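Note that my numbering has the sequence shown beginning at 33, numbered continuously upward. Have a look at the structure below before the remarks.
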Amino acid sequence: MGVEKFIYANSAATYGNPAEVPTLEKSLVQPLNPYSTFKYLGEQLALHYGRINSLPVISVRLYHQYGEGASALFGLFVKQIKSNKKLTISGDGTQRRDFAYVGDTANAICELLESDIADEIFNIGSGGTNSIIELAEAMGGEWEFIKRDSDEPDLMWADISKLRSMLPNAVPSSPFNETVKEVMKKLL
């Protein structure tokens with residue numbers, strides 16, 4: 033087959049609206065939409081396939097990514113800034129997210145690939161939180177508020193203690209405000 037190890041990129045959205053924060057990998061999974069449901073099912077299929085075929089598989093549950101090439105909220109905000117539009121913030125912007133720099137995430141995945149770890153799930157986030165308004169401020173855009181989706185969690189926060197204890201070199205370390213500003217200089 034030629035594959036020595038497989039990393040499945042899952043999403044923290046599989047936790048749904050988490051009952052406990054920061055959220056551990058063993059926390060209850062409650063997908064709220066088709067996207068998060070299929071991400072979770074893909075994770076379970078990948079782990080199962082690995083077990084029955086002796087293929088080392090790791091699933092990473094990615095929290096909110098920012099940086100070069102990031103899509104989702106950060107990517108949307110970049111497009112809006114480049115188009116001279118106001119950033120659209122759902123709700124009042126006080127919702128808090130665990131934002132992780134894509135460079136740190138790439139490093140964590142590389143460290144996991146090079147490790148002997150298999151058949152595990154890891155949260156990859158910064159281990160801290162910032163509000164959506166703090167992201168908008170760091171990016172330098174003006175914003176407006178729009179209606180908030182009813183299933184949008186108030187707080188998404190990764191417990192990264194498992195990653196920290198099993199693979200300390202994989203823990204994200206980029207400072208949020210400074211890194212967002214550096215990325216924006218490159219992108220604009």
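All residues carry an ideal CB built from backbone N, CA and C; glycine is no exception. Note that this is a predicted model, so its numbers are computed, not measured.
Query, Result
"Considering only the alpha carbon of each residue, which of Leu220, Asn155 and Ala102 lies closest to Leu56?", "Asn155"
"Of all the options Ala140, Ala104 and Ser197, which has the alpha carbon lying nearest to the alpha carbon of Tyr67?", "Ala104"
"For Lys118, I'd like the list of residues in its chain whose CB is within less than 6 Å of its CB, leaving aside the five on either flank, ordered along the chain.", "Glu174, Trp175 and Glu176"
"Taking the alpha carbon of Ser205 as the reference point, which residue from Ser197, Leu199, Glu169 and Ser158 has its own alpha carbon closest?", "Ser158"
"Taking DSSP's pairing of strands, which residues face Leu152 in a bridge?", "The sequence shown places Glu at residue 152, rather than the Leu named in the question. Partner(s): Ile90."
"My guess is that Ile99 and Val215 are in contact by the Cβ rule of under 8 Å, so how many angstroms apart are they, rounded?", "Before going on, a small fix: residue 99 reads as Gly here, not Ile. Gly99 to Val215, Cβ: 5 Å. Contact."
"In the DSSP assignment, find the unbroken beta strand (DSSP E) run with Gln97 in it and report its ends.", "His96 to Tyr98"
"Am I right that Ile113 and Ile165 are in contact with their C-beta atoms under 8 Å? What's the rounded C-beta distance?", "That pair is no contact at about 15 Å."
"Distance, Cα to Cα, Gln76 vs Arg83?", "11 Å"
"Apart from the five residues on each side of it in sequence, which residues of its chain come closer than 8 Å, Cβ to Cβ, to Leu144?", "Ile39, Ile90, Val92, Phe154, Leu199 and Ala202"
"Under 8 Å by Cβ, that's how I've got Phe106 and Gln97 pegged, so tell me the actual separation to the nearest angstrom.", "7 Å"
"My understanding is that Asn42 touches Lys71, with C-beta atoms under 8 Å, so please give their C-beta distance in whole angstroms.", "5 Å"
"If you measure between the beta carbons of Thr161 and Arg196, is that distance less than 8 Å?", "no"
"Buried or exposed: Leu94, going by 16 or more other Cβ atoms within 10 Å of its Cβ?", "buried"
"Which residues mark the beginning and the end of the beta strand (DSSP E) in which Tyr133 is found?", "Phe131 to Tyr133"
"Could you please give the first and the last residue of the uninterrupted alpha helix (DSSP H) stretch that includes Ala104?", "Ala104 to Lys114"
"Which residues does DSSP pair with Tyr221 in a beta bridge?", "Given that the chain is displayed from residue 33 to residue 220, the structure contains no residue 221 and the question cannot be resolved."
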